[in-house]
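Colleague: One structure, pasted below without further comment.
Protein chains: 2
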Amino acid sequence: MDFLHFDPKDGVIPARAPVQRFLSDLESNFADRAAYRARLNENPLIYRVTSIEDYSGAGQLHYGLGVLMPGKIGREYFMTKGHLHTWRPAAEVYIGLRGRGLMVLEDERTGECRVTPLEANTVVYVPGWTAHRTVNIGEEPLVYWGIFPCEAGHDYDAIGERNFRIVVIEKDGAPLVMERSAFLRELEAQAL
Amino acid sequence: MDFLHFDPKDGVIPARAPVQRFLSDLESNFADRAAYRARLNENPLIYRVTSIEDYSGAGQLHYGLGVLMPGKIGREYFMTKGHLHTWRPAAEVYIGLRGRGLMVLEDERTGECRVTPLEANTVVYVPGWTAHRTVNIGEEPLVYWGIFPCEAGHDYDAIGERNFRIVVIEKDGAPLVMERSAFLRELEAQAL
Numbered sequence: 002m003d004f005l006h007f008d009p010k011d012g013v014i015p016a017r018a019p020v021q022r023f024l025s026d027l028e029s030n031f032a033d034r035a036a037y038r039a040r041l042n043e044n045p046l047i048y049r050v051t052s053i054e055d056y057s058g059a060g061q062l063h064y065g066l067g068v069l070m071p072g073k074i075g076r077e078y079f080m081t082k083g084h085l086h087t088w089r090p091a092a093e094v095y096i097g098l099r100g101r102g103l104m105v106l107e108d109e110r111t112g113e114c115r116v117t118p119l120e121a122n123t124v125v126y127v128p129g130w131t132a133h134r135t136v137n138i139g140e141e142p143l144v145y146w147g148i149f150p151c152e153a154g155h156d157y158d159a160i161g162e163r164n165f166r167i168v169v170i171e172k173d174g175a176p177l178v179m180e181r182s183a184f185l186r187e188l189e190a191q192a193l
Numbered sequence: 002m003d004f005l006h007f008d009p010k011d012g013v014i015p016a017r018a019p020v021q022r023f024l025s026d027l028e029s030n031f032a033d034r035a036a037y038r039a040r041l042n043e044n045p046l047i048y049r050v051t052s053i054e055d056y057s058g059a060g061q062l063h064y065g066l067g068v069l070m071p072g073k074i075g076r077e078y079f080m081t082k083g084h085l086h087t088w089r090p091a092a093e094v095y096i097g098l099r100g101r102g103l104m105v106l107e108d109e110r111t112g113e114c115r116v117t118p119l120e121a122n123t124v125v126y127v128p129g130w131t132a133h134r135t136v137n138i139g140e141e142p143l144v145y146w147g148i149f150p151c152e153a154g155h156d157y158d159a160i161g162e163r164n165f166r167i168v169v170i171e172k173d174g175a176p177l178v179m180e181r182s183a184f185l186r187e188l189e190a191q192a193l
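Chain order of the listed sequences is A and B. Going by the working numbering, the first sequence runs without a break in its numbering and finishes at 193. Going by the working numbering, the second sequence runs without a break in its numbering and finishes at 193.
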């Protein structure tokens with residue numbers, strides 16, 4: 002199959018089954034553990050990815066259509082698990098189709114952490130050796146393509162262990178990027 | 002620069018200059034030489050490509066936003082030059098944003114030639130060793146992303162010499178795919 006139709010509004014590709022990630026699949030991702038546990042019964046769908054991996058071998062590409070739902074767990078916006086590529090040099094091109102989000106990028110070699118917009122009609126380049134996670138800061142689903150070398154592979158464990166150094170939270174109705182450690186201190190202070 | 006805005010309607014990326022291909026740049030592509038020569042004075046813009054090639058090295062990707070104008074030269078729809086990748090194994094993922102087109106694919110190894118739709122909300126996978134050309138069969142610009150391994154390179158000469166074995170022409174208001182040789186015979190018969 003050399004071509005596929007996709008729906009840029011709901012991120013559906015007919016006859017291709019997505020992987021679905023519910024809140025219970027993202028245990029280590031949200032900093033606010035109390036807010037996380039409070040939503041586990043409901044266990045909302047956080048995102049879906051429909052992966053197209055029909056070819057393999059040198060020079061071939063894999064790609065996936067992601068749909069990240071709008072919402073928050075406590076003050077943290079819905080986010081993907083985030084990953085490094087198992088083959089670290091592998092880059093990824095993201096093309097935003099719908100919605101308003103951010104991409105959190107963390108260079109594994111330098112520790113440098115930054116965010117870029119990922120929204121309808123933007124393209125984001127994730128270079129090699131860079132952990133990346135998408136965050137939905139809008140009111141509608143964030144829909145995007147990601148295209149990467151077929152050898153890339155997904156390494157979720159490296160992220161799961163240490164998480165990203167920054168978090169994206171809501172403050173006064175707008176997204177705020179802050180250090181995870183500072184946010185954790187804020188949560189501790191509130192819990193006292 | 003890790004992110005860029007693009008306009009999916011006119012295929013413009015602010016602050017990035019596209020390569021423009023006019024009719025005079027596509028001398029060997031249209032089968033109907035008389036129709037080609039008749040339009041050379043006017044020399045219409047056939048397509049533009051804005052290439053993003055900011056990174057290089059193993060695992061990195063290049064990508065480009067293409068805009069193929071609507072129109073015909075004689076009965077042949079506007080088309081791109083078409084290319085093989087210099088590094089033959091390199092694949093390319095095309096993502097259609099606007100318009101209605103076809104992708105002509107020709108496997109260099111087997112000679113197999115086929116067409117697939119490339120239009121708004123379709124994705125086309127071009128495997129390695131496959132010459133590919135886009136054709137606009139609609140009334141509005143055909144706008145699409147193409148993403149490929151940075152090592153791919155563009156080989157236009159192999160296509161220029163022998164062209165694609167099939168052509169896409171208009172017949173009774175609809176696109177018709179036919180063998181180039183048959184179309185050339187038709188043109189010769191008309192010229193007598």
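Each residue gets a CB set at the ideal place from its N, CA and C atoms; glycine is no exception.
What span of residues does the alpha helix (DSSP H) with residue 49 (chain A) cover, start to end?
Modeller: Position 48 of the first sequence, counting from 1, holds the residue named residue 49 (chain A). No alpha helix (DSSP H) holds residue 49 (chain A); the beta strand (DSSP E) holding it covers 46-53.
Colleague: So, with DSSP's three-state summary, where would you put residue 138 (chain A)?
Modeller: Taking the first residue of the first sequence as position 1, residue 138 (chain A) is located at position 137. Of the three classes helix, strand and coil, the one that applies to residue 138 (chain A) here is coil, per DSSP.
Colleague: Could you check which residue in B:80, B:11, B:49, B:43 has the C-alpha nearest to that of residue 31 (chain B)?
Modeller: Position 30 of the second sequence holds residue 31 (chain B). Ranking B:80, B:11, B:49, B:43 by Cα distance to residue 31 (chain B) puts B:80 first.
Colleague: Report the option in A:11, A:63, A:35, A:44 whose CA atom is closest to the CA atom of residue 3 (chain A).
Modeller: In the first sequence, residue 3 (chain A) corresponds to position 2, counting from 1. When only C-alpha atoms are compared, the closest one is A:63.
Colleague: If we require 3 or more residues per run, which beta strand (DSSP E) segments fall completely within the region 32-102 of chain B?
Modeller: Taking only runs of at least 3 residues, the beta strand (DSSP E) segments lying wholly in the region 32-102 of chain B are 46-53, 62-69, 93-99.
Colleague: Within 9 Å (strictly less), CB to CB, does residue 62 (chain A) reach chain B?
Modeller: The residue you call residue 62 (chain A) lines up with position 61 of the first sequence. It does; some Cβ of chain B falls within 9 Å.
Colleague: Scan the region 119-134 of chain A for residues whose Cβ lies nearer than 8 Å to a Cβ of chain B and list them as they occur along the chain.
Modeller: Residues passing the 8 Å Cβ filter: 119, 122, 123, 124, 125, 126, 127, 128, 129.
Colleague: For the beta strand (DSSP E) containing residue 22 (chain B), name the first residue and the last one.
Modeller: Within the second sequence, the letter at position 21 stands for residue 22 (chain B). Note, residue 22 (chain B): beta strand (DSSP E), 20-23.
Colleague: Taking all protein chains shown into account, do 16 or more other C-beta atoms lie within 10 angstroms of the C-beta of residue 33 (chain A), making it buried, or fewer, making it exposed?
Modeller: In the first sequence, counting from the first residue as 1, residue 33 (chain A) sits at position 32. Classification of residue 33 (chain A): buried, given that the 10 Å Cβ count is 16 or more.
Colleague: I'd like to check one pair, residue 56 (chain A) with residue 128 (chain B): are the Cβ atoms closer than 9 Å?
Modeller: Taking the second sequence and counting its residues from 1, one reaches residue 128 (chain B) at position 127. Taking the first sequence and counting its residues from 1, one reaches residue 56 (chain A) at position 55. Yes, the Cβ-Cβ distance between residue 128 (chain B) and residue 56 (chain A) is below 9 Å.
Colleague: Could you tell me whether the Cβ atoms of residue 148 (chain B) and residue 169 (chain B) are closer together than 9 Å?
Modeller: Numbered from 1 along the second sequence, position 147 holds the residue referred to as residue 148 (chain B). Numbered from 1 along the second sequence, position 168 holds the residue referred to as residue 169 (chain B). The answer is no: Cβ separation not under 9 Å.
Colleague: Is DSSP giving residue 184 (chain B) helix, strand or coil here?
Modeller: For this step, residue 184 (chain B) is matched to residue 183 along the second sequence. In the structure shown, residue 184 (chain B) sits in a helix (DSSP, three-state: H, G or I).
Colleague: Quick one: give me the first and last residue of the beta strand (DSSP E) that residue 150 (chain A) is part of.
Modeller: Against the first sequence, residue 150 (chain A) aligns to sequence position 149. It spans 143-150 - the beta strand (DSSP E) in which residue 150 (chain A) sits, taken as one unbroken run.
Colleague: State the CB to CB distance for the pair residue 94 (chain B) and residue 136 (chain B), rounded to an integer number of angstroms; the pair is presumed to be in contact (CB under 8 Å).
Modeller: Translated into the one-based positions of the second sequence, residue 94 (chain B) becomes position 93. Translated into the one-based positions of the second sequence, residue 136 (chain B) becomes position 135. Contact doesn't hold; Cβ gap of about 18 Å is too wide.
Colleague: Drop a sphere of 10 angstroms on the beta-carbon of residue 21 (chain B), count the other beta-carbons inside from all chains shown, and report buried for 16 or more, exposed for fewer.
Modeller: Residue 21 (chain B) sits at position 20 when you count from the first residue of the second sequence. Exposed is the call here.
Colleague: Any beta-carbon of chain B closer than 9 Å to the one on residue 80 (chain A)?
Modeller: Taking the first sequence and counting its residues from 1, the one referred to as residue 80 (chain A) is at position 79. It does not; no Cβ of chain B falls within 9 Å.
Colleague: Compute the beta-carbon to beta-carbon distance between residue 155 (chain A) and residue 87 (chain A), rounded to the nearest angstrom, for a pair I have assumed lies under 8 Å.
Modeller: Taking the first residue of the first sequence as position 1, residue 155 (chain A) is located at position 154. Taking the first residue of the first sequence as position 1, residue 87 (chain A) is located at position 86. Correct: roughly 7 Å between the Cβ atoms.
Colleague: In its own chain, which residues sit with a C-beta less than 7 Å from the C-beta of residue 1 (chain A), not counting the 5 before and 5 after it?
Modeller: Outside the displayed span of chain A (2 to 193) sits residue 1 (chain A), for which this structure offers no information.
Colleague: 9 Å is my cut-off, CB to CB: does residue 55 (chain B) come that close to chain A?
Modeller: Residue 55 (chain B) sits at position 54 when you count from the first residue of the second sequence. Chain A contact via Cβ: present.
Colleague: Please say whether residue 19 (chain A) and residue 51 (chain A) have beta carbons closer to each other than 9 Å?
Modeller: Counting from one through the first sequence, the residue named residue 51 (chain A) turns up at place 50. Counting from one through the first sequence, the residue named residue 19 (chain A) turns up at place 18. The answer is yes: Cβ separation under 9 Å.
Colleague: Mark residue 131 (chain A) as exposed unless 16 or more other C-beta atoms lie within 10 angstroms of its C-beta, in which case mark it buried.
Modeller: Residue mapping note: residue 131 (chain A) aligns to position 130 of the first sequence, counting from 1. Answer is buried; the Cβ neighbour count reaches 16.
Colleague: Give every residue of the same chain whose Cβ lies closer than 8 Å to the Cβ of residue 14 (chain B), excluding the five residues on either side of it in the sequence, and list them in chain order.
Modeller: Stepping through the second sequence from its first residue, residue 14 (chain B) is reached at position 13. Answer for residue 14 (chain B): 5, 6, 7, 8, 51, 53, 66, listed in chain order.
Colleague: Which chain B residues are close to residue 218 (chain A), counting only those with a beta carbon under 9 Å from its beta carbon?
Modeller: Residue numbering for chain A in the displayed model covers 2 to 193; residue 218 (chain A) lies beyond these limits and cannot be assessed.
Colleague: In whole angstroms, give me the CA-to-CA distance for residue 76 (chain A) and residue 172 (chain A).
Modeller: Along the first sequence, read from residue 1 onward, the residue named residue 76 (chain A) stands at position 75. Along the first sequence, read from residue 1 onward, the residue named residue 172 (chain A) stands at position 171. If you take the alpha carbons of residue 76 (chain A) and residue 172 (chain A), they lie about 8 Å apart.
Colleague: Hey, does residue 20 (chain B) have any beta-carbon neighbour from chain A nearer than 9 Å?
Modeller: As a first step, residue 20 (chain B) must be located in the second sequence, where it is residue number 19. So, not an interface residue.
Colleague: Could you tell me the distance, in whole angstroms, from the CA atom of residue 78 (chain B) to the CA atom of residue 42 (chain B)?
Modeller: On the second sequence, residue 78 (chain B) is found 77 positions in, with the first residue counted as 1. On the second sequence, residue 42 (chain B) is found 41 positions in, with the first residue counted as 1. Cα to Cα, residue 78 (chain B) sits roughly 18 Å from residue 42 (chain B).
Colleague: Going by DSSP, which residues form a beta bridge with residue 175 (chain B)?
Modeller: What you label residue 175 (chain B) is simply residue 174 of the second sequence in a count that begins at 1. In the DSSP output, where bridge partners are listed per residue, residue 175 (chain B) has B:172.
Colleague: Does residue 165 (chain B) have its Cβ less than 9 Å from a Cβ in chain A?
Modeller: What you label residue 165 (chain B) is simply residue 164 of the second sequence in a count that begins at 1. Taking Cβ atoms only, chain A never reaches closer than 9 Å to residue 165 (chain B), which makes this a no.
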